[in-house]
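Presented below is the structure to which this report refers.
Residue numbers (the working numbering), protein chains in the order written: chain A, 1193 to 1763; chain B, 3 to 300.
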């Protein structure tokens, strides 16, 4: 990160500038990272660490795909294979995507709402270091025996008589540490968003990404204590003689599934709602249109969050359950399709009659739209419980969840990376490499996962380390494996792009995209205190107002000189 | 209206791509019936699930093509060009209410489909007249789902790491003793007869699944799950239906396979009698051996 405050670049158009920055030099060196409480530095550490875990989780996935490329393959032992899918799932959920959004939120929520930092900067640092500790504990199990019970770690397989090695314990501490990290982070984000918005930024003017993060924080606060309780019960089952999940001694194996999914389903929305927020920011900027139906998009986020607490047992349709229970959870799952559908329709309508600029961020956003739609539609099949009886626990579900989580969250994450990288580093990512990366990821993703629907329909359960060569299973699996390596290559191209652009990328200037929200008001990268003056917010697109005002007052068309006159000093 | 050459070329490419995708789908669809739908054919409930699946598929396909169509049309039509002014539309309440109701109506339709098909999937059929006659008649028992009339056969399915055990007993509580015939991995069943399954797990959770015979049902220790199937007479002695455990149960989860082997009711009677004789003989032999060992041991 540049140590000094950057002067307005002469190459970029000097769009609204802050007049004065603080004079004190920013601390530099590695100690400045360890001791920092600056939300931007913490945000960058979150992003780098979680992306590293994303790469690790990706390598684990590729190893699984290698094993499955051939029928009856003997490349990996059953134990290694089980460890790999457990590590892959747990890494992607607990160490990549949820904390990745925490990182993006850390960096951008204060900037987007015109705040100078998070509400509790020291707690913010604690959140990050707890996350790092969680990752360390979990990956430490590589040196003895990683867990092998899947990321859902069902009872009673998770009990010590079936999995005596301490991998499950490492997994429990992963949940505890990342859980506390997320919980503190969520409280921090909530307090920040509720209390520290710029003057004039009412709830109806809150950027939609911030809406997504607000609901993400609330869902984390509601869901995490449940899983924390569940893994604590598991810990005492394993080591202190309790029998919560041990059927032979009066416990209940199904209790685990209820507790886990009571957390696990809101978790899905914890993963995708911030992604929805990114899409709702990126689409208007690159179509040069306001978001279609701001209120509907914000309100549907709240409705989704509410309903997400009521659908958990649709993960348990094959368990011994009364028909009434099955019907209830089918209907509640149907209901959640309505607000999700509303979002998709609103995004599509945002494209309508726009002037679409095909930048990489926009490509990933529409890639999200087309891909996530498919995940939503296969979700309807799974909500119909008699059909779910055929599909659950097969590769159809694997395909569905990746369409939702990669289509819904990872595409949005990449869109966010390409959109906000200039703000974080002050430099642009290469559009050429970005587009190569996008097409590789899009094609690789669909080649990997579309065929997995058929693998599941053909009768292949998930979490099997080998399969017999019947029907077209070997061909289908080979297609999927080839796709996964294309996908991996696409991710690598973005990594190269980031590594290159951080040094040699074109200077971005404060507002390279002509954005709508306040983060584009300050310089790139922003100074430690973010803003010397915080403008009064008059609409959901404050930067549009500012640009218009500057143009009007300067009488120079749309080439406004610095600095901005209209601003309110925040005390 | 004459289109510019590049646009015409692009359209031709798009059409060719579409045709290629359809051709590939059609050819593989012919090669494998289960590219797009769950397996079926072994039992009426599996067939009804398949029908329900296709009903949903039809609705889903319309929604999918409609929405993706609008997305691709917009991306093509509304690219930023010189002189294009983006319409500053902030919303349209009537339209938005419209599509919210539209989405809800689609889901109501899917719900109706499900409720119409559900009883035939969940509740066991009646055995055919030529089915196995040695089974059980309905017992007044609200906790179980049995055919409304006629005889049926109950099999107690027990999952354990990493094998399936089948006990031919009227219910699981009376299950694991040598009074009843039992077998592992291969389940012989009479055709044209409704087979009800009481499924449970002995150690960890497993899941019973024979794709062509219907959905999967978890075998959770401490709980009993229920399903059923009825294999048509034409399959007697001709084929077998394979499946495997569908819930992660440990390292050899992938090897926990199951086979259902349909035989005619007469053959089944013979098989069952043979099993009972064999089990009894083995039990007697084991008892004798035990006695022998007790004598010789200090």
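Glycine included, C-beta positions come from ideal geometry on N, C-alpha and C.
Test item: CB-CB of residue i and residue j under 7 Å
{"i": "residue 1461 of chain A", "j": "residue 1483 of chain A", "result": "no"}
{"i": "residue 1276 of chain A", "j": "residue 1256 of chain A", "result": "yes"}
{"i": "residue 220 of chain B", "j": "residue 209 of chain B", "result": "yes"}
{"i": "residue 1588 of chain A", "j": "residue 1559 of chain A", "result": "no"}
{"i": "residue 1420 of chain A", "j": "residue 1451 of chain A", "result": "no"}
{"i": "residue 1231 of chain A", "j": "residue 1302 of chain A", "result": "yes"}
{"i": "residue 1676 of chain A", "j": "residue 1700 of chain A", "result": "no"}
Minimum C-alpha distance to residue i - residue among the options
{"i": "residue 1557 of chain A", "options": "A:1523, A:1522 and A:1599", "result": "A:1599"}
{"i": "residue 205 of chain B", "options": "A:1315, A:1347, A:1232 and A:1312", "result": "A:1347"}
{"i": "residue 1739 of chain A", "options": "A:1268, A:1712, A:1716 and A:1354", "result": "A:1712"}
{"i": "residue 1442 of chain A", "options": "B:263, B:289, B:223 and B:266", "result": "B:223"}
{"i": "residue 1243 of chain A", "options": "A:1592, A:1305, A:1605 and A:1491", "result": "A:1605"}
{"i": "residue 1538 of chain A", "options": "A:1310, A:1526 and A:1486", "result": "A:1486"}
{"i": "residue 1306 of chain A", "options": "A:1281, A:1744 and A:1398", "result": "A:1398"}
{"i": "residue 237 of chain B", "options": "B:207, B:260, B:249 and B:269", "result": "B:269"}
{"i": "residue 203 of chain B", "options": "B:249, B:62 and B:189", "result": "B:249"}
{"i": "residue 278 of chain B", "options": "B:241, B:181 and B:138", "result": "B:181"}
{"i": "residue 1769 of chain A", "options": "A:1466, A:1720, A:1388 and A:1319", "result": "The question about residue 1769 of chain A has no answer, for chain A in this structure spans 1193 to 1763."}
Endpoints, the beta strand (DSSP E) within which residue i is located
{"i": "residue 1570 of chain A", "result": "Segment 1552–1575 is the alpha helix (DSSP H) holding residue 1570 of chain A; no beta strand (DSSP E) there."}
{"i": "residue 1620 of chain A", "result": "Element bounds for residue 1620 of chain A: n/a, residue is neither H nor E."}
{"i": "residue 162 of chain B", "result": "155–162"}
Cβ neighbours of residue i in the same chain (closer than 6 Å, five flanking residues each side left out)
{"i": "residue 1657 of chain A", "result": "1270 and 1273"}
{"i": "residue 254 of chain B", "result": "164"}
{"i": "residue 130 of chain B", "result": "194"}
{"i": "residue 42 of chain B", "result": "48, 49 and 52"}
{"i": "residue 177 of chain B", "result": "Only weak support exists for where residue 177 of chain B lies, its pLDDT of 48 falling under 50; the coordinates are left without a value."}
{"i": "residue 149 of chain B", "result": "126, 128 and 196"}
{"i": "residue 1409 of chain A", "result": "1378, 1381 and 1382"}
{"i": "residue 1666 of chain A", "result": "1263"}
Contacts of residue i in chain A (Cβ-Cβ under 8 Å)
{"i": "residue 124 of chain B", "result": "1515 and 1578"}
{"i": "residue 219 of chain B", "result": "1510, 1512 and 1581"}
{"i": "residue 66 of chain B", "result": "1565, 1566 and 1569"}
N- and C-terminal bounds of the alpha helix (DSSP H) containing residue i
{"i": "residue 49 of chain B", "result": "46–79"}
{"i": "residue 1417 of chain A", "result": "1400–1431"}
{"i": "residue 205 of chain B", "result": "Taken as a continuous stretch (DSSP letters only), residue 205 of chain B belongs to no alpha helix (DSSP H), as it is neither H nor E."}
{"i": "residue 1522 of chain A", "result": "1515–1543"}
{"i": "residue 1645 of chain A", "result": "1623–1649"}
{"i": "residue 124 of chain B", "result": "95–124"}
Under 8 Å from the C-beta of residue i: neighbouring residues of chain B
{"i": "residue 1583 of chain A", "result": "40"}
{"i": "residue 1271 of chain A", "result": "253"}
{"i": "residue 1499 of chain A", "result": "Near residue 1499 of chain A there are no residues of chain B at all, since even the closest Cβ is about 13 Å away, more than 8 Å."}
Where residue i meets chain B, residues with beta-carbon distance less than 9 Å
{"i": "residue 1522 of chain A", "result": "113 and 116"}
{"i": "residue 1298 of chain A", "result": "Within chain B, no residue comes near residue 1298 of chain A; the closest Cβ sits about 30 Å away, beyond 9 Å."}
{"i": "residue 1658 of chain A", "result": "256 and 257"}
Where residue i meets chain A, residues with beta-carbon distance less than 7 Å
{"i": "residue 209 of chain B", "result": "1510 and 1585"}
{"i": "residue 102 of chain B", "result": "1530 and 1534"}
{"i": "residue 227 of chain B", "result": "1512"}
{"i": "residue 120 of chain B", "result": "1578"}
{"i": "residue 206 of chain B", "result": "1348, 1349 and 1354"}
Contact list for residue i against chain B, beta-carbon separation under 7 Å
{"i": "residue 1398 of chain A", "result": "Near residue 1398 of chain A there are no residues of chain B at all, since even the closest Cβ is about 16 Å away, more than 7 Å."}
{"i": "residue 1655 of chain A", "result": "250 and 255"}
{"i": "residue 1562 of chain A", "result": "70 and 73"}
{"i": "residue 1599 of chain A", "result": "By Cβ distance, chain B contributes nothing, its closest Cβ being about 13 Å from residue 1599 of chain A, past 7 Å."}
{"i": "residue 1439 of chain A", "result": "223 and 224"}
{"i": "residue 1281 of chain A", "result": "Ordered by position in chain B, no residue passes the 7 Å Cβ test against residue 1281 of chain A, which lies about 11 Å from the chain."}
{"i": "residue 1769 of chain A", "result": "Nothing in the structure corresponds to residue 1769 of chain A, since chain A is present only between 1193 and 1763."}
{"i": "residue 1672 of chain A", "result": "Within chain B, no residue comes near residue 1672 of chain A; the closest Cβ sits about 14 Å away, beyond 7 Å."}
Cβ shell of residue i (< 7 Å), same chain only, five flanking positions each side left out
{"i": "residue 31 of chain B", "result": "Low per-residue confidence applies at residue 31 of chain B: pLDDT is 48, beneath 50, and the placement is therefore not dependable, though the value from the model is reported in the following sentence. Counting only Cβ-Cβ distances below 7 Å, and skipping sequence neighbours, we find 37 and 38."}
{"i": "residue 1548 of chain A", "result": "1478, 1479 and 1554"}
{"i": "residue 34 of chain B", "result": "Residue confidence for residue 34 of chain B is low, a pLDDT of 48 falling below 50, so the modelled location carries little weight and cannot support an answer."}
{"i": "residue 1533 of chain A", "result": "none"}
{"i": "residue 1234 of chain A", "result": "1228, 1298, 1316, 1317 and 1320"}
{"i": "residue 1476 of chain A", "result": "1482, 1483, 1542 and 1708"}
Sequence-distant residues of its chain with Cβ nearer than 8 Å to residue i (five each side left out)
{"i": "residue 58 of chain B", "result": "112 and 115"}
Interface residues of chain A facing residue i [CB-CB closer than 9 Å]
{"i": "residue 93 of chain B", "result": "1482, 1483, 1484, 1485, 1486, 1487, 1488, 1538 and 1541"}
{"i": "residue 292 of chain B", "result": "By Cβ distance, chain A contributes nothing, its closest Cβ being about 27 Å from residue 292 of chain B, past 9 Å."}
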